[in-house]
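J.: Attaching a single structure in structure tokens format; questions to follow.
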Amino acid sequence: MAESITITDNRTGDSIEIPIDNGGVAATEWHKLLPDIWFYDPAFMQTAACASAVSYLDGDAGILRYRGYPIDQLAEKSTYLEVAYLLQFGELPNAKQFEDWTREITYHTYIHENLRKRFMDGFHYDAHPMGMLVSGVAALSTFYPEAKDIFDKEQRHKQIVRLIAKMPTIAACAYRFSQGMPFIYPDNDMSFTANFLRMMFEPRRDVDWNDPVLAKALDVLFILHADHEQNCSTTTMRVVGSSHTDPYTATSAACAGLYGPRHGGANEQVIRMLMEIGSIDNVEDFIKGVKSGSGRLQGFGHRVYKNYDPRARIIKKTADEVFEVTGKNPLLDIALKLEEVALADDYFISRRLYPNVDFYSGLIYQAMGFPLDIFTVLFAIPRTSGWLAHWEEMLEQDSKIARPRQLYIGAPERDYAPIANRG
Ligand code: ACO
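When we follow my numbering, the leftmost residue of the sequence shown carries the number 45, and every step to the right adds one.
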């Protein structure tokens, strides 16, 4: 017999049996018994907002898979563009499909000159690159009005390719603007990450941007960041997309969700925290401060992972390879000490707080020469492929517009008083 739960309304004695399907119970069934009683779950702590086949994660076991493939196998054997294909189409490409996909992506890396010269150049000199990215991606929708045709599969594909391809170009454009450096056009003969490093850093000689080890390391980081099921930004993508807006506008909203320090902004905060700690001698005191409530240990803790984040393990290995080229990031010793102290401390053990993906990624980015405020942009570039896979899945599921209920806690009905009578 299929597994089920039974809910009884104690006011009437009426019951309803609801089958457990894929680990969940359908709220629509509950609605039949209790039409005016809502689940109260403001941060979706206990709510599955969709059914998805894109990625799977088991927070207790520390497992992450894209379309069934374990993240460690993909990080070791695949490339970011192959992973982007996998996320989008559900299967790894054959040689011909991969060649076509790579050509498509590399032929859509250019952005319209008006976007670069008139729009991006209009920002204040010290604009945060994430602010520029959020706006730049939204502005792209005005260049491709056909993107509104979201039920035309061919149009959809074209916009998906454009978005994945243009994210690094917009990111590099935002960075170079903030440095007062001239824009570098994409080189479509280079790999995705090598081209991005070149657009960012050419002609700097203090950064090893053309070392293939760094392009490979960035590719691994892009694989690790490509998807992570229903996190804040992906949920934003699905919610905004459910109103049937175009994919540029929905992606811009997802970028905005990523921007915050509780989500993609954490990698930047980790480095700021390590710089503030300053020396391994201050680690114990810093941890004491965190425990007494004077701030959080950035890069630790996760809503779903209650075990070591599998991405953090892979990143540690990547860090060693990068530091071979760039020299060790001086903040690494503080990070290692922090991890050691925290993982042995009851406060962190009892709350099951472990390093997440952001704890070490920032150290690598910094060693590669990326400035702190571009870190979240580096997260947004690969996550775009995950967002778009969820967006397309949502459209193909014939989903309804996202529209939760609320529990009203405001004033009861009262009469309007003219301003003179308000005291
Ligand atoms: N440092 C210290 N204490 C922490 C931390 C932390 N990093 N994270 C959680 N806690 C504590 C909380 O104070 C709380 O303690 P309490 O029960 O005594 O009140 C308990 O652990 C549970 O924390 P919540 O905030 O309820 O957990 P939630 O699942 O809502 O938050 C989050 C998850 C936002 C990631 C949180 O762990 C955090 O703020 N971490 C630091 C920021 C960070 O690294 N974010 C990146 C996440 S990964 C990503 O988005 C790519």
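We put the beta carbon where it would ideally sit given N, CA and C, even for glycine.
So within the segment 115-144, which uninterrupted alpha helix (DSSP H) runs reach at least 4 residues, ignoring any that extend past its ends?
T.: Within the segment 115-144, the complete alpha helix (DSSP H) runs of at least 4 residues are 115-121 and 124-133.
J.: For the beta strand (DSSP E) that contains residue 50, what are its first and last residues?
T.: That run of the beta strand (DSSP E) goes 48-52.
J.: Is the CB-CB distance between residue 216 and residue 243 below 7 Å?
T.: Taking 7 Å as the Cβ cut-off, residue 216 and residue 243 qualify as a contacting pair.
J.: Please list the segments of the alpha helix (DSSP H) lying wholly inside the segment 173-199, counting only runs of 4 or more residues, in order along the chain.
T.: If we require 4 residues or more, the alpha helix (DSSP H) runs fully inside the segment 173-199 come out as 173-187.
J.: Any heavy atom of the ligand ACO closer than 6 Å to the beta-carbon of residue 334?
T.: It does: the Cβ of residue 334 is within 6 Å (strictly closer) of some heavy atom of the ligand ACO.
J.: Does the segment 188-205 come within contact of the segment 114-126, defined as at least 3 CB pairs closer than 8 Å?
T.: The segment 188-205 is not in contact with the segment 114-126.
J.: Using 8 Å as the threshold, is the segment 352-359 in touch with the segment 397-406, meaning 3 or more CB pairs across them?
T.: Yes, the segment 352-359 is in contact with the segment 397-406.
J.: So residue 394 is in the alpha helix (DSSP H); what residue range does that whole segment cover?
T.: From DSSP, the alpha helix (DSSP H) with residue 394 extends over 390-394.
J.: Between residue 447 and the ligand ACO, is the CB less than 6 Å from at least one heavy atom?
T.: Answer for residue 447: no, Cβ out of range of the ligand ACO.
J.: If I measure Cβ to Cβ from residue 100 and keep anything under 6 Å in the same chain, skipping five residues before and after, which residues do I get?
T.: Around residue 100: 109.
J.: Write down the C-beta distance between residue 152 and residue 210 rounded to the nearest angstrom, noting that I regard them as a contact closer than 8 Å.
T.: Right, their Cβ atoms sit about 7 Å apart.
J.: Short check: CB of residue 362 to CB of residue 232, under 7 Å?
T.: No, the pair does not count as a contact, with Cβ atoms beyond the cut-off.
J.: Does the Cβ of residue 451 have 16 or more other Cβ atoms within 10 Å, making it buried, or fewer, making it exposed?
T.: Classification for residue 451: exposed.
J.: According to DSSP, is residue 414 helix, strand or coil?
T.: The answer is coil: DSSP assigns residue 414 none of H, G, I, E or B.
J.: For residue 366 versus residue 425, is the C-beta distance shorter than 7 Å?
T.: Contact: no.
J.: Identify which residue in 230, 301 and 278 has its Cα closest to the Cα of residue 429.
T.: Nearest C-alpha to residue 429: 278.
J.: Please go through the segment 416-441 and give each complete alpha helix (DSSP H) segment of 4 or more residues, from N-terminal end onward.
T.: As far as the segment 416-441 is concerned, its whole alpha helix (DSSP H) runs of at least 4 residues are 419-440.
J.: Determine the DSSP secondary structure at residue 250, reduced to helix, strand or coil.
T.: Residue 250 falls in the coil class under three-state DSSP.
J.: I need the straight-line Cα distance from residue 255 to residue 236, nearest angstrom please.
T.: Near 14 Å, if we compare the C-alpha coordinates of residue 236 and residue 255.
J.: Do you know whose CA, among 298, 296, 159 and 220, lies nearest residue 415's CA?
T.: Nearest C-alpha to residue 415: 220.
J.: Would you kindly check if the distance between the Cβ of residue 271 and the Cβ of residue 421 is under 7 Å?
T.: Contact: no.
J.: In the DSSP assignment, what are the bridge partners of residue 321?
T.: DSSP, once it has assigned bridges, lists no residue as partnering residue 321.
J.: Please name the residue, chosen from 463, 375 and 63, that lies closest to residue 315 on a Cα-to-Cα basis.
T.: Checking every option, the nearest Cα to that of residue 315 belongs to 375.
J.: Taking residue 350 as the reference, give the member of 77, 379, 249 and 106 with the closest Cα.
T.: The option with the nearest alpha carbon to residue 350 is 106.
J.: Given 6 Å as the limit, tell me if residue 343 has its C-beta closer than that to any heavy atom belonging to the ligand ACO.
T.: Within the cutoff, so yes.
J.: Buried or exposed: which applies to residue 81, given that a residue is buried once 16 or more other Cβ atoms fall within 10 Å of its Cβ?
T.: Exposed.
J.: Quick one: Cα of residue 130 to Cα of residue 186, how far?
T.: Their Cα atoms are separated by approximately 29 Å.
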